[in-house]
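J.: Provided herewith is a single structure, encoded as C-alpha cells, for subsequent inquiry.
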Amino acid sequence: MAPRPAVNRRQAAERPVRTGRIAKTKKEQSIKVSLDQLEAVVNDQTLEPVYGTPPAWSEGRQQLCDAIPWFRCTQGAMYHNEGFCYGFLIDADGGTRTYIDEEIIITRIGGCCTKDSGGNLTLEKNQDPENALVQSIIASQNSKLAVGLVIGSKNKILSRELPHRYNIMDWFRVTNVWFEKIGQKRGVKVRFEKLNLSEKSWWAAKDSLPPVPLDERDFETKPEALKCERCFTESVRLYEEGWMCLDPGCVDFWKIENASPPAELTFNPDFLNTRSHPDPAIQPHYSLVPDLLSTLDESAADVSTSRIAWKGIVCPMCFKCIRRTFWQGWKCDDDSISEECANRCPFQKFMNMNPVSLRVVLDHFELAPIKRAIIFDRKFSIPEIDDSTLFPYRKLTYKLDGVGTITHFVSNKAINGRANGPDDLFINLQRGDLGLKRFRLQSSLVAGTLTSHFAVNYGMPYKYVVSVDSKGFDEAPNDMLQALGRLSWATEKAVISSGDKYLPPNELLTLGYFEEMKIGFHDDGESSLGPTIATLSLGAKATMFVRMKYKYFNGCARRAEPKQLGNLLQDDPVLKDCMFEGERRALKEEFDAGEISQDEYDDSRRALSMGRKGKEAPVTIKMELHHGDLVVMHGENLQKYYEHSVVPENKLRFALTARYVKPDHVDAREIQKGQFSLTPDQIYDEGASQLARDECAIGSATHHAEKARVVIQGELDGNEHMDRERKAILRSALQFVDVTGQRRTSITDKSSPLEVPQEDLQHVGPFIAPSPELLYMLLPEPTATTPHSSSVQWPDHISDKTLEKMASTILSDDDHEHGQLFYQYCICVYVKAIFHLYQKPRAYKDPRINAQFLKSKKLYETYTFRALGSLNFVNAPTLPFVQALISAAFFMQYLGNMSQSWILNSYAARLITALGYHEIRNPVGNSSLDEEIHSAVCWCFYLDRTLSTLLYRPLSLPEPRISPTNLITVEQYLPHIPLIRILLDLAQVQGELLNCGMADNTRQIIANHSRLQERMEAIYSKIQSSRASTPNCIATDWIPCEFCYYAILVDILRSRLKCTFSPLTHKECVSYSRKSLRALHHLQKNLADNPGFVDPYPTFLTWTVLLYPLSPFFVLFCNIIGEVDMDDYNLMQDITQSLSQFAASPYISKLLKLLDYLQNLCVPLIQAKQRMGPQAKVHTLYPSMTGTWHDHPATHENAQLLKARSPYMDPVAGTYPQQLQTPSDGSYAPDDALMWQLFNSELSLEWFESDSLYY
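The opening residue of the sequence shown carries number 175 in the numbering used here; numbering runs sequentially from there.
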C-alpha cells in the first residue's frame, strides 16, 4: 500500500534511523528503569518525523481491535486464532535484542511474562515448542499466511514521531522463528519481513532514500547456516559474536564454542540484510483496512442488528478506527480517548434501522403460547407456581431463604397481543430514536471497554450512566411510560405479596441487545437503590442465571495469587448451599456464643479451605425469559449476596428495568428528572391483567371502575357529615363498580367464531343452498337502475353485479362436495337475503305476511350458521373469502353478538392487509373487481372502527390511504347513500378517538380532542343537509344515526374530561347524553315506523345501544345523583320500561338489568326530593352553570358565550375551576371530585356476556 503524505504534530530535527543492535553496558544493566520512566525519556527526546501516514490508526486499543479483524486481542502482542497468527503489535516493551527498520522487524513473541516492580516485562518461565503462541506463528510461516503489524507510540526502538497511539504498518511475512536465552529463561524470537518491498514504508524517515527497486535487489545472499554436531539441527548465524545452536533440546543450545555468549550481542549484518524472493502465494487472510460498510445491506431488517453490524469500522475520511457507540450507527468524533479533540472529524454513518419483526427473533410456530408450559430442571431451584392470582400471567416465585425473592411473571399470547402490549412495544421501541448508546464500563480489565449492549436512562440518574446522560421522564416517549406502568404494576404485586413496603420506581433503564450481545454476571446493588428491581423482556428469548457471589460461596475473597488464600469474610452470613455450609455455620455459632476467639474462628475457617481451590458457585436459579415476561428481584440483601447474568439467543432483545433511586443520594438539580405522572392509558393495573382482555373478552377499562371504587370508599370512610341518602347511593355504587370490575366473560366469546349456540339452529337437517327463487328475488329489477326507483334496499359490500356473479356460480354448482368458494358465496347471499327481509315489515302491514317473512329470516339465519361451520379459516386469502367474512360479521352484529362480529371482521381485515387491498391509491375503480375491493375495504373499515371502540380492542385494519367515504361504489341512486357516508365519517372519528390519548403531553391530548370536536361539527352540518333531502320512506332511519352521533360526541367529551376538568365540557356532555337517549326513546315509541322485525327485539337496537358504547346511560345516571334531575330520571325510567317487553332476549335482558340497577340507585334521592316538594332546594354535587343549552355542537362563538357567563373557566384558556365552598351552616356540601371519578368511570362490558348480575 502506497503511503499517504505525512501529517506530523510537531517539527523534529533530523536524526539517523536507529537500526543497529540494542546493547546495554554493565552500568546500564545495574540501573533499573521503569517503562513509564523510559517512555518519558523517549518523549523528551527530539523524534524524527516519518515519511507518510498509516493506512488506519487508533487512539485506543479497544477501537483498534473492534475495527481491524486481523487484530482482535485487547491484551498481549499477538492475535492468534484457530492455530494461526494474524496480527502482531510492536509497542512499549519488545524485550532485549529487538530490531526495527523500514522492512525488517525482530522481536520476541510474548507470553510467559510478568511485570517486575519497575513495570518491566520479564520472562517468568520457559517457552516451549508446544506453546500456543509458538505454534501459531510457525503455522503462519509454514502456511505462507501474511501477518499484519501495528506499531504503538510507546515503542522506544524506532525513535520516530508516530502520529497516533496505534498505527497500522503493513503486511509482513514470517521468515524466521527461533529459541534463545532471555535472561535465565528460554524464549522465542521472530523475524518479520515486509511483504511489499517495492513501496517505501510510511514509518521510514521523512528524508530517507526510496527503497531499492526489486530488479536491483540481491535475493541470493543468505546468512551463514551450520549444522550442530550434537543434535544435527541446522541453525542460522544470528549474531556477529558467533554461531550458536538454536535447538532448545540440545545440550549445546545457546553456546558459542561450548561457552555462554557474552551479555552484549550484535545482529549478523547478513541476517538483517537478507531478503526473500517475492512469493505471490504469501497472502493475508483479511484486507489490511477492511470496508465493512459496503457489505451491509441496509434494506434487510435482519442485518441492522446482526453481530457484524456492531463491529467497528475505519472512518473513510480520517482513517480512524471507530466503534459503534450509537444504536443507529457510527460517529467518528464520539469515540475519541481524550475529552477534547483539536480536529474533530465530521463523518457519521447512521443506518436505516428497519424494524425487526417478532417473526425474525422468535422461532416458535406461534409467536406466543396460549399458556406457556414450563419444565423445571431439578438441578436448579423450583419455584412456587400461581396460575390464578394474576391470571393470565403465570406467577413463579423463587425464594432465597433470608435473602429475598425473585418473581417471574410468565406472559402469553393474550397479554402480548393487547394494544400497547409487549408486541406493540417491541416494534415501537425500534421506530423512535430513544437515544440508545453504548457506554464505557466504569471498571474493566482493559481501559475504554464498552458495554455489550446499548442503553438509555430515564428518570433519576443511576450509576450505570453519567448523570448528564440520564433523561427526565418528561422527555420519555409514550412507549417508555407504557412500559413503566407495567413494571410499576409488577413491582407492586411482587413486593406486596412478600409483605414489604412498595416503593414506586422512579428510574427506567432501557437496554438494547443486538445479536450475540450479552451481559455477564453482575449485581445491581448500591446504597442509592431501593430493594426492588423489575425488568420487562421484549423480543428474543434470553436465559437468566442467578448464583451466589464468589466470596459468600467460598467464605473468602478471590485469591490475588493462585497459591494464596483470599481474605476471610469479616461477617460470614453462611448462606444456604454455600461451600462447607454445615462446618461454617457451626463455627459461626461457636464464635457468636463466645466459645472460640476471633483468631481460633479465623484459623478454623482457613483450615477448611487449605489446599482447596476456590470455585464459582453453581447456578441457583435458571429462568427462560420469553417475549413479554417480567422479572422482579426483591430483597435488601439479594444484590449483596447474589449476582445474575442474562444471555439472549437471537437477533434483537430489549430489557427495560425499573428501580427506585433514593432521592437523598441524587443531586438536587437532578431530582425533577424522576418526577412523573402516568395517564390512565399508561397505568397497567391488576384488573386489566387479571381479566386479560383475552382474545374473546368484551370491553376494557375496568381500571376506571377500580378507581371509582377507591375514591368512593375513601369518601365513605373519611366524611362524617355525609347525609344518609347519598351515603346509601354511594355504597350501592361501590358495590356496583366492584361487580362490573370483577366480572368475567362466560359465554360464546370464549369460543371460536364458528361455534354456534344450539338455540340458533332452528332448522334440523343438512345445509341447503339458496334456492333459485331466492336468488331471483334478490337480483335487482330493471327499474332499479334508474334514480327514480323506490327501492329502499340497505346497501352493503355486495353490489348487484357481484350478487349476479355469485348467483350464477351457486346455480351452476351441481357437486355434492361443495368447495370453499361455494360456501363463501352462500354466506354472502343468505346475509343479503336477511337484510333484504329487514325492509319488508315497513312496506307490508299484513301480520300473516310478516310472520312468513320472519320464518324465512330465521331459516336463512340457520343456513348462514351452517355455511359458516363449513368455512376453512386456514384457506389462502381471496376476495370472496374477505366478502364472506364481512357478511358474517354483519350477520353477527345483526344478531347482537358484537364480539364475534369483531373477530370475523378482524380476520377479514388481516386478509385485506395480506392482499394489499388497504393500499388503495385511486378512489375510482377501473373495473368491477376494483369496485368489489373498494366496497370490502370500506365496510371492513366501518365495522373495525365501530366495534373496536365498543369493545375497547385494537384496530385491525390499517388506516387506508383514501378516505373510506370515497370508496363507496355501490349503486349511487340508493337513498341510504348519504346516511352511509355519515356513518363512515363517524367510524373514522371513533378510530381516531381510540388513539387520541397517545400524545406525549396533556396539551396535545386536548388539542386532539378539540380537532375531533371540530370534525363532529362538520359531520353535524352534513347530517342536517342530507337529512333535509332524504325521501320520506327512510326518514326514520336517521333517528338511529342521531343516537350514534351524540353517543360518539359524549365519548369524545368524556375522554377530554379525563384529561382536564371543565364545567363547560361537562355540561355539554350531559346535554348530548340526553339528546342521544331521547333519540333512542323516540325509536322506542314509534316501533311501527322502524324497519326490521320486533322478534326477538327491535332490529334498530343492534344499530344503537348494542353497537355503540353505553356512555350516555352512565353520564345521565351520574347527573341524576349529582343534580337530582327529575327529567333525566323519567327519561331513564321510560327507556327501561320500554325495553322490558323484550327481556326474553339474553342481550336485552342484561342491558335491562343494568338499567334497572342504575335506576334503583337513584330512587332514594328522587323520593327525598318528592317529599320536600317541588320548591325545595337540594344541594348538588356539580357546580351550577348559567346559560342556555344549545341544540347542536358548540361552535367557537357559543363556547365563548358560555364561558363568559360562567365563573368557571377551562384550564386550556388559562385558569382553573374554583372549588365549591362549604356552607356556613355546617351542612354537608360534598366536593364534586367524587362524582367526577364516578362520571369518568367506564362501564366494563363484561357484564354483558356474564351469566347474571349480582346485586
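Think of the CB as a built atom: it goes at the ideal place given N, C-alpha and C, for glycine as much as any other residue.
Note that the coordinates shown come from a computational prediction; the quantities given were computed from them, not determined experimentally.
Should N1260 go down as buried or exposed, given a rule of 16 or more other Cβ atoms within 10 Å for buried?
T.: Here residue 1260 is taken as the residue at index 1086 of the sequence shown, counted from 1. Exposed, by the Cβ-count rule.
J.: Tell me the residue span of the alpha helix (DSSP H) that contains M1072.
T.: To locate residue 1072, count along the sequence shown from 1; it is residue 898. M1072 to L1089 is the span of the alpha helix (DSSP H), which, as asked, contains M1072.
J.: So, helix, strand or coil for T440, using DSSP?
T.: Taking the sequence shown and counting its residues from 1, the one referred to as residue 440 is at position 266. T440 falls in the coil class under three-state DSSP.
J.: E390 to E298, Cα distance in whole Å?
T.: Position 216 of the sequence shown, counted from the start, is the residue given in the question as residue 390. Position 124 of the sequence shown, counted from the start, is the residue given in the question as residue 298. Distance between the alpha carbons of E390 and E298 is about 45 Å.
J.: K154: which of F445, G1296, L1305 and A1318 sits nearest, CA to CA?
T.: Only positions 175 to 1429 of the chain appear in this structure, which leaves residue 154 out of reach.
J.: With H, G and I counted as helix, E and B as strand and the rest as coil, what does DSSP make of A866?
T.: On the sequence shown, residue 866 is found 692 positions in, with the first residue counted as 1. With a pLDDT of only 38 at A866, under 50, the local geometry of the prediction cannot be trusted, and the value read off the model is given with reservation. Three-state DSSP puts A866 in coil, outside helix and strand.
J.: So S1080 packs on S1130, CB below 8 Å; how close in whole Å?
T.: Residue mapping note: residue 1080 aligns to position 906 of the sequence shown, counting from 1. Residue mapping note: residue 1130 aligns to position 956 of the sequence shown, counting from 1. Confirmed, Cβ separation roughly 4 Å.
J.: Can you tell me where the alpha helix (DSSP H) holding W1212 begins and where it ends?
T.: To locate residue 1212, count along the sequence shown from 1; it is residue 1038. Looking at the DSSP string, the run of the alpha helix (DSSP H) that includes W1212 is W1212 to C1233.
J.: Report the residue from L658, N652, E798 and D648 whose alpha carbon sits nearest the alpha carbon of T717.
T.: Within the sequence shown, numbered from 1, the residue matching residue 717 stands at position 543. Of L658, N652, E798 and D648, the residue nearest in Cα terms is E798.
J.: How about L1059 and A1082: do their beta carbons lie closer than 8 Å?
T.: Walking along the sequence shown from the start, residue 1059 turns up at place 885. Walking along the sequence shown from the start, residue 1082 turns up at place 908. It is a contact, given that the beta carbons lie within the stated cut-off.
J.: Smallest Cα separation from T220: which of C519, G326 and E335?
T.: Position 46 of the sequence shown, counted from the first residue, corresponds to residue 220. The candidate whose alpha carbon is nearest that of T220 is E335.
J.: For S375, which residues in the same chain have their Cβ closer than 6 Å to its Cβ, ignoring the five residues on either side in sequence?
T.: If you number the sequence shown from 1, residue 375 lands on position 201. Excluding positions up to five away in sequence, the list reads E276.
J.: Please state whether DSSP places F524 in a helix, a strand or coil.
T.: Counting from one through the sequence shown, the residue named residue 524 turns up at place 350. The answer is strand: DSSP assigns F524 an E or B state.
J.: Using the Cα positions of A714 and R1135, report the straight-line distance between them to the nearest angstrom.
T.: As a working mapping, residue 714 is identified with position 540 in the sequence shown. As a working mapping, residue 1135 is identified with position 961 in the sequence shown. Cα to Cα, the separation comes out at about 33 Å.
J.: Looking only at C-alpha atoms, which of M343, R827 and N1334 sits nearest to P228?
T.: By one-based count along the sequence shown, residue 228 stands at place 54. P228 has its Cα closest to that of M343, out of M343, R827 and N1334.
J.: Report the option in T448, Y1220 and P303 whose CA atom is closest to the CA atom of T349.
T.: In the sequence shown, counting from the first residue as 1, residue 349 sits at position 175. When each option's Cα is compared against that of T349, the closest is T448.
J.: Roughly how many angstroms lie between the CA atoms of D1432 and R779, to the nearest whole one?
T.: This structure gives no information on residue 1432, because the portion of the chain shown stretches from 175 to 1429.
J.: Can you grab the Cα-Cα spacing for the pair T395 / Y460, in whole Å?
T.: Taking the sequence shown and counting its residues from 1, the one referred to as residue 395 is at position 221. Taking the sequence shown and counting its residues from 1, the one referred to as residue 460 is at position 286. Computed Cα separation, rounded: 32 Å.
J.: Counting along the chain, where does the alpha helix (DSSP H) carrying V224 start and finish?
T.: By one-based count along the sequence shown, residue 224 stands at place 50. Run containing V224: none; DSSP gives neither H nor E here.
J.: Could you tell me if F628 is buried or exposed, where buried requires 16 or more neighbouring beta carbons within 10 angstroms of its beta carbon?
T.: Position 454 of the sequence shown holds residue 628. It counts as buried.
J.: Less than 8 Å between the CB atoms is what I'm expecting for T1204 and P1152, so what's the real figure, rounded?
T.: In the sequence shown, the residue the question calls residue 1204 occupies position 1030. In the sequence shown, the residue the question calls residue 1152 occupies position 978. That belief holds up - the Cβ atoms of T1204 and P1152 are roughly 7 Å apart, short of 8 Å.
J.: DSSP state of L804, grouped into three classes?
T.: The residue given as residue 804 occupies position 630 in the sequence shown. In the structure shown, L804 sits in a strand (DSSP, three-state: E or B).
J.: Between the beta-carbon of F647 and the beta-carbon of F850, is there less than 8 Å?
T.: By 1-based counting over the sequence shown, the position of residue 647 is 473. By 1-based counting over the sequence shown, the position of residue 850 is 676. It is a contact, given that the beta carbons lie within the stated cut-off.
J.: Which residue wins for smallest C-alpha separation from G284, given the options R360, K569, H338 and Y724?
T.: Your numbering for residue 284 matches position 110 in the sequence shown. With distances taken between Cα atoms, G284 lies closest to R360.
J.: At 4 residues or longer, and completely inside the stretch 469-498: list those alpha helix (DSSP H) runs for me, N to C.
T.: Complete alpha helix (DSSP H) runs here, min 4: none at all.
J.: Can you round the beta-carbon distance between I589 and P566 to whole angstroms, since I take them to be within the 8 Å contact cut?
T.: Position 415 of the sequence shown, counted from the first residue, corresponds to residue 589. Position 392 of the sequence shown, counted from the first residue, corresponds to residue 566. At roughly 6 Å, the Cβ-Cβ gap stays under 8 Å, so I589 and P566 are in contact.
J.: Under 8 Å by Cβ, that's how I've got V534 and K825 pegged, so tell me the actual separation to the nearest angstrom.
T.: Residue numbering aside, residue 534 sits at position 360 when the sequence shown is read from its first letter. Residue numbering aside, residue 825 sits at position 651 when the sequence shown is read from its first letter. Correct: roughly 6 Å between the Cβ atoms.
J.: In its own chain, which residues sit with a C-beta less than 8 Å from the C-beta of D1299, not counting the 5 before and 5 after it?
T.: Locating residue 1299 in the sequence shown gives position 1125, where the first residue counts as 1. If we look at D1299 and ignore the five residues flanking it on each side, its Cβ neighbours are N1293.
J.: Report the residue from R497, M654, K675 and G686 whose alpha carbon sits nearest the alpha carbon of G809.
T.: The count along the sequence shown starts at 1 and reaches residue 809 at position 635. That would be K675, whose Cα lies nearest to the Cα of G809.
J.: For V748, report the span of its alpha helix (DSSP H) as first-last.
T.: Stepping through the sequence shown from its first residue, residue 748 is reached at position 574. No alpha helix (DSSP H) holds V748; DSSP gives it neither H nor E.
J.: Do F554 and T272 count as a contact pair if the criterion is CB distance below 8 Å?
T.: For the purposes of this step, residue 272 is taken as residue 98 along the sequence shown, with counting starting at 1. For the purposes of this step, residue 554 is taken as residue 380 along the sequence shown, with counting starting at 1. No, the Cβ-Cβ distance between T272 and F554 is not below 8 Å.
J.: Out of Q249, I311, Q309 and K355, which one is the CA nearest neighbour of G269?
T.: For the purposes of this step, residue 269 is taken as the residue at position 95 of the sequence shown. Per the Cα distances, K355.
J.: Ignoring anything shorter than 4 residues or poking outside the stretch 1293-1356, list the alpha helix (DSSP H) runs there in chain order.
T.: For the stretch 1293-1356, whole alpha helix (DSSP H) runs of length 4 or above, ordered along the chain, are 1300-1313 and 1320-1346.
J.: Looking at K836 and S672, is the spacing between their C-beta atoms short of 8 Å?
T.: As a position in the sequence shown, residue 672 is number 498, starting the count at 1. As a position in the sequence shown, residue 836 is number 662, starting the count at 1. No, the pair does not count as a contact, with Cβ atoms beyond the cut-off.
J.: Only counting the same chain, and skipping five residues up and downstream in sequence, which positions put a Cβ closer than 6 Å to that of S1061?
T.: Stepping through the sequence shown from its first residue, residue 1061 is reached at position 887. Counting only Cβ-Cβ distances below 6 Å, and skipping sequence neighbours, we find I1001, C1002 and V1005.
J.: Within this structure, are the beta carbons of V463 and A230 separated by less than 8 Å?
T.: Against the sequence shown, residue 463 aligns to sequence position 289. Against the sequence shown, residue 230 aligns to sequence position 56. In contact: V463 and A230 (Cβ atoms closer than 8 Å).
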